[in-house]
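Chemist: If you read the sequence shown in UniProt numbering, its first letter stands for residue 1, the second for the next number, and so on.
Pasting a structure here, questions to come.
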Amino acid sequence: MTSASQYVRDKANRTRLSIESYYAQAVVHLAEREQRAEKLEKQMAEEGLNELEKEERRKIHAAKENDFLRQRRTKLSANDFQSLKVIGRGAFGEVRLVQKIDTGHIYAMKILRKSEMLEKEQMAHVRAERDILSEADCEWVVKMYYSFQDKINLYLVMEFLPGGDMMTLLIKYDQLTEEQTLFYISETAMAIQAIHNLNFIHRDIKPDNLLLDAKGHIKLSDFGLCTGLKKIHRTELYRNWPSQLPTDFVSKPFESKRRAETWRKNRRAYAYSTVGTPDYIAPEVFQPNGYTKSCDWWSLGVIMYEMLIGYPPFCSETPQETYRKVMNWQQTLAFPPEIPISTEAKNTIKGFCCEVDKRLGNHSGIESIKQCPFFKRVDWQNIRLLPAPIRIEVKGIADTSNFDHFGDSDLALPGVKEVASDNSTPSVTDKGEFVHYTFQRFQCLTQQKRFGGVSQQQTANAQQLHNLRTELNSETQKERGTNPKEFFGGNHFGPSYGPGTEVEKWLARSARLGEHAKTEQVVGRDGGRRKQSDERHRRLTAGARRAPANQSTACGSRADFFRSP
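Following this line, the structure appears as structure tokens:
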């Protein structure tokens, strides 16, 4: 085939991919818009609004939808963010704490180099992660707000969870109590079920991918190996390894202590390597016969074992030995007698780490798991409202003390630095591998900008919110006897921190209805309608003055998360 013919075929392929992706995303956007409209109608029905109030809410919602359509066409770049710190590094990229310049919001930005993705055939991985994060919108999955690309890199902008990850927690505490394990395994089970409800299989459930929010609750991350988006798995990494059993299958005196020390020594290196470790992968994943969602439940059993014992059940000196142990789990899954655990906990682990047809969760998902004696005390409906058994110390919305320190890192974002130095740099690919990678979330784009271009009403609303936060901080400071921690002079309030969310929603609604009332006065509608609007505006204004006393109890005492606009 001539080079000209190949060029035509490549161009036709790029065009086909672009068209298919465009219409697929158009269908998704339409469905999401309809879902938002249905959610609004349901919310208004629950609030018992009259027809006039419903019509006002519909107009506000329609304006937000139109604004979203306009802003979705706005191209994002790395220049829209300021890099604050490197908080993670992996085999194919890094994660940075960043601040969006126009809003001041804090995010975690995952940066992946295109050339690395192409060279190591990771295109399906990054596409998988982008797709699942854009589709998932629940409390158990880390929320993605933006994804975009430039000539050099791919970018995923996600919510920043200051609690770190479960791997760091296990390294710090070595072992967890059964009460602590019960809480974290229950929340992880809920997160896994949320992914399964979206018809995805995670395939890479491990402590590294269990993130902790500011209150210590679990959120699932890293979806690069989700099934259906990658043609091959890691089987080829182990296919040519020796098949004989390792010599240390028989338990030896003090073996658990030696294995725990070896595991702790190598754990961090495994997390940063390109190969990783097969400790948490179900045996059927390595076999050519295929696998189902139950492979994620196997991984949950391995994590539960590690929490209680201090190391995974199949850990060894090398990944090859670990692989052989996983494949021969009937002989190698054992519990060290010097580390006693309850019969219920042991049976639960065995229920997860067993044959596929007998495995917990294989037939009815989390419902069968809830019936286990070990989980009988779990309040599944309210578990995320309960306090976590291990308190996460967070001093501010940009606190990175629960992450590794990378002191040698350049704070400049790589895309900004490299593109600025050579604007003529050609794209690393021209075959459409990353076509339509861009994503922007509706909730994020409809937030009010904090710097410049705001109306007088928005400015007044911001000042009102500032006064409310100041008073709440003052009250909680008296209760706690400590000063609220500040970051950047206390000028930035992130989008994902709970205590201020309800207050902001309440004030935003107050401002919108108040602005609508003023508009009705200007256009000179009939006297009765104008009088009704005046009364509503006075009522909302009076309610805003009473808000601090009414909201302080509901917001709790975490003054650290209240930030001035």
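For every residue, glycine included, the Cβ atom is placed at its ideal position computed from N, Cα and C.
Since the structure is predicted, the reported quantities are computational estimates derived from the model, not experimental observations.
1) DSSP three-state call for Ala63: helix, strand or coil?
2) For the pair the region 379-389 and the region 144-162, tell me if three or more CB-CB distances fall below 8 Å.
3) When we look at the beta-carbon of Thr103 and count the other beta-carbons within 10 Å, is it buried (16 or more) or exposed?
4) Under DSSP, the alpha helix (DSSP H) around Leu133 begins and ends at which residues?
5) Could you pull the DSSP bridge partners for Lys350 from this structure?
6) Quick one: grab the DSSP three-state call for Val8.
7) Based on Cα-Cα distance, which residue from Thr400, Gln440, Leu413 lies nearest to Thr168?
8) Based on Cα-Cα distance, which residue from Cys138, Glu53, Gln371, Gly310 lies nearest to Pro340?
9) If you pair each beta-carbon of the region 170-177 with each one of the region 368-375, do three or more pairs fall below 8 Å?
10) So, are the CB atoms of Val302 and Pro312 less than 8 Å apart?
11) Taking 7 Å as the limit between beta carbons, can you name the residues of its chain near Val285, skipping five residues before and five after?
12) To which residues of the same chain is Phe223 closer than 7 Å at the C-beta, ignoring the five residues directly before and after it?
13) Measuring only the C-alpha atoms, how far is Asn66 from Ala45?
14) Report the option in Lys110, Ile218, Ala62, Glu317 whose CA atom is closest to the CA atom of Arg89.
15) Enumerate in chain order the residues of its own chain whose CB-to-CB distance from Ala398 is below 7 Å, with the five nearest sequence positions on each side excluded.
16) Would you report the Cα separation of Lys370 and Glu159, rounded to the nearest angstrom?
17) With distances taken from CA atoms, which of Leu40, Lys64, Asp279 is nearest Glu321?
18) Let me confirm a value: Gln43 is counted as buried when at least 16 other C-beta atoms fall within 10 Å, else exposed. Which label applies?
19) If you drop the 5 nearest sequence neighbours on each side, which residues of the same chain put their C-beta closer than 8 Å to that of Ala345?
20) Going by beta-carbon coordinates alone, are Ile366 and Ala214 separated by less than 8 Å?
21) Using only the alpha-carbon positions, how far apart do Tyr184 and Trp297 sit?
22) In terms of residues, what are the limits of the alpha helix (DSSP H) holding Asn197?
23) With 16 other CB atoms within 10 Å as the buried threshold, where does Ala63 fall?
24) Assign Ala78 to one of two classes, buried (16 or more other C-beta atoms within 10 Å of its C-beta) or exposed (fewer than that).
25) Who are the near neighbours of His196 in its chain, counting only those whose CB is closer than 8 Å to its CB and skipping five residues on each side?
26) Note down the Cα distance separating Tyr155 from Asn347, rounded to an integer number of angstroms.
27) For the region 322-401, list the alpha helix (DSSP H) runs that are entirely contained and at least 4 residues long, ordered along the chain.
28) Is Gly104 helix, strand or coil when you go by DSSP?
29) Give me the Cα-Cα distance between Arg450 and Phe200, rounded to the nearest whole angstrom.
30) Among Leu225, Gln381, Leu212, whose alpha-carbon lies nearest the alpha-carbon of Met166?
31) For Ile152 versus Lys114, is the C-beta spacing smaller than 8 Å?
32) Roughly how many whole angstroms lie between the Cα atoms of Ala554 and Asn328?
33) Evaluate Ser5 with the Cβ neighbour count: other Cβ atoms within 10 Å of its Cβ, from every protein chain shown; 16 or more gives buried, anything less gives exposed.
34) Take Ser299 and list the residues in its own chain whose beta-carbon comes closer than 6 Å to its own, dropping the five residues that flank it on each side.
35) For Ser147, report the span of its beta strand (DSSP E) as first-last.
36) Taking just the CA atoms, how far does Arg359 sit from Gln193?
Modeler: Let me lay it out:
1) Along the sequence shown, read from residue 1 onward, the residue named residue 63 stands at position 63. Looking at Ala63 - three-state DSSP - the assignment turns out to be helix.
2) In the pairwise beta carbon analysis, the region 379-389 is classified as not touching the region 144-162: fewer than three pairs are separated by under 8 Å.
3) Sequence index remark: in the sequence shown, residue 103 carries index 103 (1-based). Result: buried.
4) Within the sequence shown, numbered from 1, the residue matching residue 133 stands at position 133. Counted as a single uninterrupted DSSP element, the alpha helix (DSSP H) harbouring Leu133 occupies residues 123-135.
5) Against the sequence shown, residue 350 aligns to sequence position 350. Its beta-bridge partners do not exist; DSSP assigns none.
6) Here the question's residue 8 lines up with position 8 in the sequence shown. Here DSSP, grouped into helix, strand and coil, assigns Val8 to helix.
7) Against the sequence shown, residue 168 aligns to sequence position 168. Comparing Cα-Cα distances from Thr168 to each of Thr400, Gln440, Leu413, the minimum goes to Thr400.
8) The count along the sequence shown starts at 1 and reaches residue 340 at position 340. Closest by alpha carbon: Gly310.
9) No: the two stretches stay apart, fewer than three of their Cβ pairs being nearer than 8 Å.
10) If you number the sequence shown from 1, residue 302 lands on position 302. If you number the sequence shown from 1, residue 312 lands on position 312. In this structure, Pro312 lies closer than 8 Å to Val302 by Cβ.
11) Taking the sequence shown and counting its residues from 1, one reaches residue 285 at position 285. The beta carbon of Val285 is closer than 7 Å to those of Arg203, His233, Tyr291, Cys295 in its chain, skipping five residues each way along the sequence.
12) Taking the sequence shown and counting its residues from 1, one reaches residue 223 at position 223. If we look at Phe223 and ignore the five residues flanking it on each side, its Cβ neighbours are Ala128, Glu129, Ile132, Leu133, His202.
13) Here residue 66 refers to the residue found at position 66 when the sequence shown is read from its first residue. Here residue 45 refers to the residue found at position 45 when the sequence shown is read from its first residue. Those two C-alpha atoms are separated by around 24 Å.
14) Reading the sequence shown from its first residue, position 89 is the one you call residue 89. Taking only the C-alpha atoms, the option nearest Arg89 is Lys110.
15) Mapped onto the sequence shown, residue 398 falls at position 398. Hits under 7 Å: Leu84, Leu97, Ile106, Phe487.
16) For the purposes of this step, residue 370 is taken as the residue at position 370 of the sequence shown. For the purposes of this step, residue 159 is taken as the residue at position 159 of the sequence shown. Rounded to whole angstroms, the gap between the alpha carbons of Lys370 and Glu159 is 30 Å.
17) Counting from 1 along the sequence shown, the entry for residue 321 is found at position 321. The option with the nearest alpha carbon to Glu321 is Asp279.
18) Residue numbering aside, residue 43 sits at position 43 when the sequence shown is read from its first letter. Counting the other Cβ atoms within 10 Å of the Cβ of Gln43 gives fewer than 16, which makes it exposed.
19) Position 345 of the sequence shown, counting from 1, holds the residue named residue 345. If the five residues before and after Ala345 are omitted, its C-beta is found closer than 8 Å to the C-beta atoms of Glu178, Thr181, Met304, Leu308, Phe374, all from its own chain and listed in chain order.
20) Within the sequence shown, the letter at position 366 stands for residue 366. Within the sequence shown, the letter at position 214 stands for residue 214. Cβ distance not < 8 Å, so Ile366 and Ala214 don't count as in contact.
21) Mapped onto the sequence shown, residue 184 falls at position 184. Mapped onto the sequence shown, residue 297 falls at position 297. Whole-angstrom Cα-Cα distance: 14 Å.
22) If you number the sequence shown from 1, residue 197 lands on position 197. Here the alpha helix (DSSP H) through Asn197 covers 178-197.
23) As a first step, residue 63 is located in the sequence shown; it is residue number 63 there, counting from the start. So Ala63 counts as exposed.
24) Working through the sequence shown from its first residue, we reach residue 78 at position 78. Buried is the label assigned to Ala78, since at least 16 other Cβ atoms lie within 10 Å of its Cβ.
25) On the sequence shown, residue 196 is found 196 positions in, with the first residue counted as 1. Close CB contacts of His196 within its chain, under the 8 Å cut and outside five residues either way in sequence, are with Lys293, Asp296, Gly365 (chain order).
26) On the sequence shown, residue 155 is found 155 positions in, with the first residue counted as 1. On the sequence shown, residue 347 is found 347 positions in, with the first residue counted as 1. Near 43 Å, if we compare the C-alpha coordinates of Asn347 and Tyr155.
27) Segments of the alpha helix (DSSP H) lying fully in the region 322-401: 329-332, 343-352, 366-370.
28) Taking the first residue of the sequence shown as position 1, residue 104 is located at position 104. Judged by DSSP in its simplified three-state form, Gly104 adopts coil rather than helix or strand.
29) As a first step, residue 450 is located in the sequence shown; it is residue number 450 there, counting from the start. As a first step, residue 200 is located in the sequence shown; it is residue number 200 there, counting from the start. In this prediction, Arg450 scores a pLDDT of 39, lower than 50, which makes its location untrustworthy; no coordinate-derived value is stated.
30) As a working mapping, residue 166 is identified with position 166 in the sequence shown. Comparing Cα-Cα distances from Met166 to each of Leu225, Gln381, Leu212, the minimum goes to Leu212.
31) Within the sequence shown, residue 152 is the residue found at index 152, counting from 1. Within the sequence shown, residue 114 is the residue found at index 114, counting from 1. Their beta carbons are under 8 Å apart, which means Ile152 touches Lys114 by this criterion.
32) Residue 554 sits at position 554 when you count from the first residue of the sequence shown. Residue 328 sits at position 328 when you count from the first residue of the sequence shown. Residue placement at Ala554 cannot be trusted, given a pLDDT of 35 that sits under 50; the coordinates are not used to answer.
33) Translated into the one-based positions of the sequence shown, residue 5 becomes position 5. With a 10 Å radius around the Cβ and a threshold of 16 neighbouring Cβ atoms, Ser5 comes out exposed.
34) By 1-based counting over the sequence shown, the position of residue 299 is 299. The answer, listed in chain order, is Ile205, Tyr280.
35) Numbered from its first residue, the sequence shown carries residue 147 at position 147. It spans 144-149 - the beta strand (DSSP E) in which Ser147 sits, taken as one unbroken run.
36) The residue given as residue 193 occupies position 193 in the sequence shown. The residue given as residue 359 occupies position 359 in the sequence shown. Those two C-alpha atoms are separated by around 15 Å.
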